[in-house]
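Below is one structure, written out as structure tokens; comments come after it.
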Amino acid sequence: MNALAAVRVAARPEVERRERALVRDAQRGSVEALEQLFRLHWPRAYRAAFVVVGDAAAAEDIAQESFLAAVRALDRFDRRRPFGPWLHRIVVNRAIDWARARTLRREVGVESVVEPAAPGRVEGERTDELAAALAALNVEQRAVVVLRYLLGYTPGEIAELLELPRGTVNSRLRRGLDRLQETLE
Amino acid sequence: MNVKRLLERVPADSAAQERAWAVVREAYRAREPARARRPVRLRVAFAVAGVALACAAAALSPPGRAVVNAVRRSIGIEGATPTAFRLPAPGRVLVSGAGGTWVASEDGSLRRLGSWPAAAWSPHGLFVVAADAGGLTTVEPGSGIVHWSLARRNVRLPRWGGTRTDTRVAYLSGGSLRVVAGDGTGDRLLARRVASAAPAWQSERHVLAYATAARAVVVRNVDTGAILAEHRARGRVRALAWSADRKVLAVATTRDVELFQAALPERMSIRFSGVRALAFSPDGSLALLTTHALLVYSSEGVQTLLRVQGRLAGLAWSPDGRWLMSSLPRADQWVFVGRGRVLAVSHVARRLGGADPTLDGWVPGA
Numbered sequence: 001m002n003a004l005a006a007v008r009v010a011a012r013p014e015v016e017r018r019e020r021a022l023v024r025d026a027q028r029g030s031v032e033a034l035e036q037l038f039r040l041h042w043p044r045a046y047r048a049a050f051v052v053v054g055d056a057a058a059a060e061d062i063a064q065e066s067f068l069a070a071v072r073a074l075d076r077f078d079r080r081r082p083f084g085p086w087l088h089r090i091v092v093n094r095a096i097d098w099a100r101a102r103t104l105r106r107e108v109g110v111e112s113v114v115e116p117a118a119p120g121r122v123e124g125e126r127t128d129e130l131a132a133a134l135a136a137l138n139v140e141q142r143a144v145v146v147l148r149y150l151l152g153y154t155p156g157e158i159a160e161l162l163e164l165p166r167g168t169v170n171s172r173l174r175r176g177l178d179r180l181q182e183t184l185e
Numbered sequence: 001m002n003v004k005r006l007l008e009r010v011p012a013d014s015a016a017q018e019r020a021w022a023v024v025r026e027a028y029r030a031r032e033p034a035r036a037r038r039p040v041r042l043r044v045a046f047a048v049a050g051v052a053l054a055c056a057a058a059a060l061s062p063p064g065r066a067v068v069n070a071v072r073r074s075i076g077i078e079g080a081t082p083t084a085f086r087l088p089a090p091g092r093v094l095v096s097g098a099g100g101t102w103v104a105s106e107d108g109s110l111r112r113l114g115s116w117p118a119a120a121w122s123p124h125g126l127f128v129v130a131a132d133a134g135g136l137t138t139v140e141p142g143s144g145i146v147h148w149s150l151a152r153r154n155v156r157l158p159r160w161g162g163t164r165t166d167t168r169v170a171y172l173s174g175g176s177l178r179v180v181a182g183d184g185t186g187d188r189l190l191a192r193r194v195a196s197a198a199p200a201w202q203s204e205r206h207v208l209a210y211a212t213a214a215r216a217v218v219v220r221n222v223d224t225g226a227i228l229a230e231h232r233a234r235g236r237v238r239a240l241a242w243s244a245d246r247k248v249l250a251v252a253t254t255r256d257v258e259l260f261q262a263a264l265p266e267r268m269s270i271r272f273s274g275v276r277a278l279a280f281s282p283d284g285s286l287a288l289l290t291t292h293a294l295l296v297y298s299s300e301g302v303q304t305l306l307r308v309q310g311r312l313a314g315l316a317w318s319p320d321g322r323w324l325m326s327s328l329p330r331a332d333q334w335v336f337v338g339r340g341r342v343l344a345v346s347h348v349a350r351r352l353g354g355a356d357p358t359l360d361g362w363v364p365g366a
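For the protein sequence lines, the chains are A and B, in the order given.
Counting in this note's numbering, the first sequence runs from 1 upward without gaps.
Counting in this note's numbering, the second sequence runs from 1 upward without gaps.
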């Protein structure tokens, strides 16, 4: 059994059944089913990408490309597996890659990188603070914070999604939370 | 501190959701799944698009008749399906307009770079320069990373030229022509009172052709400021283009198309009015675009490739020089002409989130 197949979803059985039905119908060619799946998952996919990369345009691209990857692999998707974790893994890994690539480019091409990407829009004073606090975390810490607190995975599930030792996930979570707390409180 | 609650308050940009859904939906429709039948409405949609194009092309000249036949053959048969959003040749197409700046890849995937209404490729397609009323911005097309921005008022018609290692960006700001180095430094005024026509770079040189409001066409080295040539155009200048070998400058005016040999004072005039855009292919063929026709100029004269009833807008050669691309804004279509065929891509505005996007160039793949 694929490691990801073992990832448990914290959703109710009825929601899972409905989602499986949507995946089945989408595999059979139903645009309506695909649209429901898309609208069900877009907000969290976008938010997750946004929190990891801190850039609205990049988050849009990452979420969009993750859905495109899902569409391309749809016919091969095993309906017994939950759709959400599969998509979230794509989103978070792409977001991590994007953020790392940006960092690398800055290091190797400082002379040509004058301005970073435009900051994303986060409404409200408290969320502005959160955005600033998240920006102080490194990308790996942001990714586990997103998976834990936005997408609701347990540390064990995060370890499987990111193919990391569980201890590493726990330490990143702990350090990330400590840092967030320092900044926000 | 409730991190979960705070994270859930991050807004999930609904406009982004709609843009993404349009792209995902088209990718889904264009995939090749193990489906027994394509949904009826897609076939109907294509048939309608094909019929419309065939009707529009009814007045083709003799060289174009093969094109009409090709269109007829393709209706609902061989499949010019609404896969539609694939480019017929390798490369990436840059478009911009009310829906922002987008890069379309050969496989039909779309990437939105930002909300700029005007953009252009760097000479080798590595970067994009985008412009709006507030200034100039350079972006990496693959990652969307912004490299630098320059605040200037009313920036239009940016064009990026130069060599792979030392580039320049020319752009119009108000009624003036300015030039800045490819790394965003050294921005300066090059000329005042220029015409509202995009300047044209000689390939692999820092030599720029532009038109003044007084109908002069000026060829100038932007580094030294030296004027290399100056010609008086016969009409108001609408478009300029250099051949890839840098030998010929083509100028479309309201009265005709003029060809200037870079090394000689002589000019050659093509008695053909109404040309709004022109572009040289890599091998030197000159494509001309009028309101209702797409033409190619060669030593044998001007040949019509496509004539339509609607208004054509924009012109770009594929990097391999085998296809010409234009658009029919009122039909909301992109049109590709080449290899004896006409292909149409429908619902462009819906995909790109805004009506009447401008074609900003077709470059080789990344």
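We treat Cβ as the ideally placed atom computed from N, Cα and C, and that holds for glycine.
Just so you know, these numbers come straight off a predicted model, no measurement behind them.
Residue 336(B) - containing alpha helix (DSSP H), residue span | The residue you call residue 336(B) lines up with position 336 of the second sequence. Here residue 336(B) belongs to no alpha helix (DSSP H); instead the beta strand (DSSP E) covers 333-338.
What is the DSSP secondary structure of residue 235(B), counted as helix, strand or coil?
-> As a first step, residue 235(B) must be located in the second sequence, where it is residue number 235. Note: residue 235(B) maps to coil in three-state DSSP.
Starting from residue 348(B), follow the alpha helix (DSSP H) in both directions and report where the run begins and ends.
-> As a first step, residue 348(B) is located in the second sequence; it is residue number 348 there, counting from the start. Start and end: 348-352.
Report the residues of the segment 63-77 of chain A with a CB closer than 9 Å to any CB of chain B, ordered along the chain.
-> 63, 64, 65, 67, 68, 70, 71, 72, 74 and 75
Contact set for residue 66(A): own chain, Cβ-Cβ below 7 Å, skip 5 residues either direction = Against the first sequence, residue 66(A) aligns to sequence position 66. The answer, listed in chain order, is 45, 87, 90, 91 and 94.
Measure how close the beta-carbons of residue 333(B) and residue 318(B) come, nearest whole angstrom, since I'm counting them as under 8 Å.
-> The residue you call residue 333(B) lines up with position 333 of the second sequence. The residue you call residue 318(B) lines up with position 318 of the second sequence. Not a contact, Cβ separation roughly 17 Å.
Whole-angstrom Cβ separation of residue 158(B) and residue 129(B), contact assumed at under 8 Å?
-> Here the question's residue 158(B) lines up with position 158 in the second sequence. Here the question's residue 129(B) lines up with position 129 in the second sequence. Yes, residue 158(B) and residue 129(B) are in contact; Cβ-Cβ is about 5 Å, under 8 Å.
Give, in chain order, every unbroken run of the beta strand (DSSP E) that is at least 3 residues long and sits entirely within the segment 150-208 of chain B.
-> 155-162, 167-173, 176-181 and 188-191
Residues of its chain near residue 59(A), where Cβ-Cβ distance is below 7 Å and the 5 sequence neighbours each way are ignored | On the first sequence, residue 59(A) is found 59 positions in, with the first residue counted as 1. Excluding positions up to five away in sequence, the list reads 46, 49, 50, 53 and 120.
Please state if the CB of residue 139(A) and the CB of residue 96(A) are separated by a distance shorter than 8 Å.
-> Residue numbering aside, residue 96(A) sits at position 96 when the first sequence is read from its first letter. Residue numbering aside, residue 139(A) sits at position 139 when the first sequence is read from its first letter. It is a contact, given that the beta carbons lie within the stated cut-off.
In its own chain, which residues sit with a C-beta less than 6 Å from the C-beta of residue 155(B), not counting the 5 before and 5 after it?
-> Numbered from 1 along the second sequence, position 155 holds the residue referred to as residue 155(B). Within the same chain, residue 155(B) has close Cβ partners 131, 135, 136, 171 and 173.
Residue 298(B) - partner residues in DSSP beta bridges | For the purposes of this step, residue 298(B) is taken as the residue at position 298 of the second sequence. Residue 298(B) pairs with 301(B).
Distance between residue 102(B) and residue 217(B) (C-alpha atoms, nearest Å) | Mapped onto the second sequence, residue 217(B) falls at position 217. Mapped onto the second sequence, residue 102(B) falls at position 102. For residue 217(B) and residue 102(B), the distance between alpha carbons rounds to 31 Å.
With distances taken from CA atoms, which of 162(A), 137(A) and 158(A) is nearest residue 184(A)?
-> For the purposes of this step, residue 184(A) is taken as the residue at position 184 of the first sequence. Nearest option by C-alpha distance: 137(A).
Is the CB of residue 261(B) under 8 Å away from at least one CB in chain A?
-> In the second sequence, counting from the first residue as 1, residue 261(B) sits at position 261. Closer than 8 Å: no.
Residue interval of the beta strand (DSSP E) (run including residue 181(A)) | Sequence index remark: in the first sequence, residue 181(A) carries index 181 (1-based). Segment 166-184 is the alpha helix (DSSP H) holding residue 181(A); no beta strand (DSSP E) there.
If you compare alpha carbons, which of 97(B), 273(B) and 92(B) is closest to residue 329(B)?
-> The count along the second sequence starts at 1 and reaches residue 329(B) at position 329. For residue 329(B), the nearest C-alpha among the options comes from 97(B).
Using a Cβ-Cβ cut-off of 6 Å (strictly less than) and excluding sequence neighbours within five positions of residue 353(B), which residues of its own chain qualify?
-> Walking along the second sequence from the start, residue 353(B) turns up at place 353. Only 19 and 99 meet the Cβ criterion.
Report the rounded CA-to-CA distance for residue 15(B) versus residue 139(B), giving the unit in angstroms.
-> Residue numbering aside, residue 15(B) sits at position 15 when the second sequence is read from its first letter. Residue numbering aside, residue 139(B) sits at position 139 when the second sequence is read from its first letter. About 21 Å.
Chain-ordered chain B contacts of residue 50(A) [CB-CB under 7 Å] | Residue mapping note: residue 50(A) aligns to position 50 of the first sequence, counting from 1. Within 7 Å Cβ-Cβ: 10.
Go ahead and pull the three-state DSSP assignment for residue 3(B).
-> The residue given as residue 3(B) occupies position 3 in the second sequence. Note: residue 3(B) maps to helix in three-state DSSP.
Could you check how far apart the C-beta atoms of residue 215(B) and residue 248(B) are, in whole angstroms? I think they sit under 8 Å.
-> In the second sequence, counting from the first residue as 1, residue 215(B) sits at position 215. In the second sequence, counting from the first residue as 1, residue 248(B) sits at position 248. The pair is not a contact, with the Cβ atoms about 20 Å apart (cut-off 8 Å).
Just the Cα atoms here: how many angstroms apart are residue 116(B) and residue 165(A)?
-> In the second sequence, the residue the question calls residue 116(B) occupies position 116. In the first sequence, the residue the question calls residue 165(A) occupies position 165. When rounded, the distance between both Cα atoms is 44 Å.
At what residues does the beta strand (DSSP E) containing residue 362(B) begin and finish?
-> To locate residue 362(B), count along the second sequence from 1; it is residue 362. Looking at the DSSP string, the run of the beta strand (DSSP E) that includes residue 362(B) is 358-363.
Residues, ordered as in the chain, of the segment 147-158 of chain A that lie near chain B by beta-carbon distance below 7 Å | 149 and 150
Minimum C-alpha distance to residue 80(A) - residue among 155(A), 40(A), 23(A) and 170(A) = Translated into positions along the first sequence, residue 80(A) becomes position 80. Ranking 155(A), 40(A), 23(A) and 170(A) by Cα distance to residue 80(A) puts 23(A) first.
Going along chain B in order, which residues have a C-beta closer than 9 Å to the C-beta of residue 31(A)?
-> Reading the first sequence from its first residue, position 31 is the one you call residue 31(A). Chain B residues near residue 31(A): 25, 28, 29 and 39.
Identity of the residue in 55(A), 161(A), 150(A) and 38(A) nearest residue 28(B) by Cα = Taking the second sequence and counting its residues from 1, one reaches residue 28(B) at position 28. When only C-alpha atoms are compared, the closest one is 38(A).
Can you grab the Cα-Cα spacing for the pair residue 32(A) / residue 26(A), in whole Å?
-> Position 32 of the first sequence, counted from the start, is the residue given in the question as residue 32(A). Position 26 of the first sequence, counted from the start, is the residue given in the question as residue 26(A). If I take the Cα positions, the gap works out to 8 Å.
If you draw a straight line from the C-alpha of residue 43(A) to the C-alpha of residue 146(B), how long is it?
-> Taking the first sequence and counting its residues from 1, one reaches residue 43(A) at position 43. Taking the second sequence and counting its residues from 1, one reaches residue 146(B) at position 146. Distance between the alpha carbons of residue 43(A) and residue 146(B) is about 25 Å.
Exposed or buried, which one is residue 253(B) when buried takes at least 16 other CB atoms within 10 Å?
-> Sequence index remark: in the second sequence, residue 253(B) carries index 253 (1-based). With 16 or more other Cβ atoms within 10 Å, it is buried.
Under 8 Å by Cβ, that's how I've got residue 275(B) and residue 289(B) pegged, so tell me the actual separation to the nearest angstrom.
-> Here residue 275(B) refers to the residue found at position 275 of the second sequence. Here residue 289(B) refers to the residue found at position 289 of the second sequence. Between residue 289(B) and residue 275(B) the Cβ distance is about 7 Å, and since that is below 8 Å, they are a contact.
Mark residue 167(A) as exposed unless 16 or more other C-beta atoms lie within 10 angstroms of its C-beta, in which case mark it buried.
-> Residue numbering aside, residue 167(A) sits at position 167 when the first sequence is read from its first letter. It counts as exposed.
Are the C-beta atoms of residue 353(B) and some chain A residue less than 8 Å apart?
-> Counted from its first residue, the second sequence places residue 353(B) at position 353. So no, residue 353(B) is outside the interface.
The beta strand (DSSP E) spanning residue 259(B) covers which residue range?
-> To locate residue 259(B), count along the second sequence from 1; it is residue 259. Per DSSP, residue 259(B) belongs to the beta strand (DSSP E) from 257-261.
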